[in-house]
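Heads up: take any position in the sequence shown, counting from 1, add 906, and you land on my numbering. C-beta atoms are modelled at their ideal positions from N, C-alpha and C, and glycine is treated no differently. The structure under discussion appears below in the form of structure tokens.
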Amino acid sequence: MELIFGTTNQGKLNLIRSYLEGSGIRITGLTELPELPEEPVEYGKTPLENARGKAEHYYRLLKRPVFSCDSGLVIEGLSDEEQPGVHVRRHDGIVMTDAQMTEYYSGIAARFGGKCIARYQNGICVVFSDTEKYEYDGPDISGESFYLVERAKPQKEAGFPLDCISVDIKTGLYFVDDGCDPGNSEEKNGFRLFLERVLREHEAARSSAQSASEWRKK
């Protein structure tokens, strides 16, 4: 089964592919299509709302099964007004580059004495048709809390700008360190189980619709 992943972020594409390795689900990124579709405007206030909006947008353009994910960042100690939420890349009306994000969030860690506790909230939405849609934002696809720290390490992979200032609370390893698995096992299982369940339900719905169609023809 092929699913279009509504992202141009190669790092996220590689990550989801690693989560689904051996599942029989084939993931195609937007940049691998013959023509890159127009990006949607994000209006959602939560990761799930943004994931839903992006998936519905790309389905309308492509008319092929598509899913999208979105993340929000919550930092302990910040006021509601200061929380990045789904606007992780935006500050003072500016869309930050990877380097600017690292500088901005390491500055927040500095305000808390060099480190602070943060966590991601993830949402995912899969669209097969105008009437068949599945979505989820449970804690098992969001990973665990971690430290944001002031001192950065060299970035390892494009598309994950905060990994170089993110530290696993249990091991003390930076997310960019070899051997670091910052809650990814739970997150991997969460994403995989959700998508595998979605495909089973989709196949069941399709089989039921086909049986009903055949019955009507008799």
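Per DSSP, Y1026 is paired with what? Walking along the sequence shown from the start, residue 1026 turns up at place 120. Its beta-bridge partners are L979.
Tell me the DSSP secondary structure of V1001 in three-state form. Counting from one through the sequence shown, the residue named residue 1001 turns up at place 95. Residue state, collapsed to three classes: strand.
Would you mind sorting Q1027 into buried or exposed? The rule is 16 or more other CB atoms within 10 Å of its CB. Taking the sequence shown and counting its residues from 1, the one referred to as residue 1027 is at position 121. Answer is buried; the Cβ neighbour count reaches 16.
Hey, how far is the Cα of L1099 from the Cα of A961? Locating residue 1099 in the sequence shown gives position 193, counting from the first residue. Locating residue 961 in the sequence shown gives position 55, counting from the first residue. Cα to Cα, L1099 sits roughly 19 angstroms from A961.
Bridge partners of Y925, per DSSP? As a working note, residue 925 is residue 19 in the sequence shown. Y925 is not bridged to any residue.
Should N1095 go down as buried or exposed, given a rule of 16 or more other Cβ atoms within 10 Å for buried? Position 189 of the sequence shown, counting from 1, holds the residue named residue 1095. It counts as exposed.
From the DSSP secondary-structure annotation, give me the bridge partner or partners of G917. Locating residue 917 in the sequence shown gives position 11, counting from the first residue. According to DSSP, G917 bridges with nothing at all.
Is it true that the CB of K951 sits closer than 9 angstroms to the CB of G991? Translated into positions along the sequence shown, residue 991 becomes position 85. Translated into positions along the sequence shown, residue 951 becomes position 45. Cβ atoms of G991 and K951: closer than 9 angstroms.
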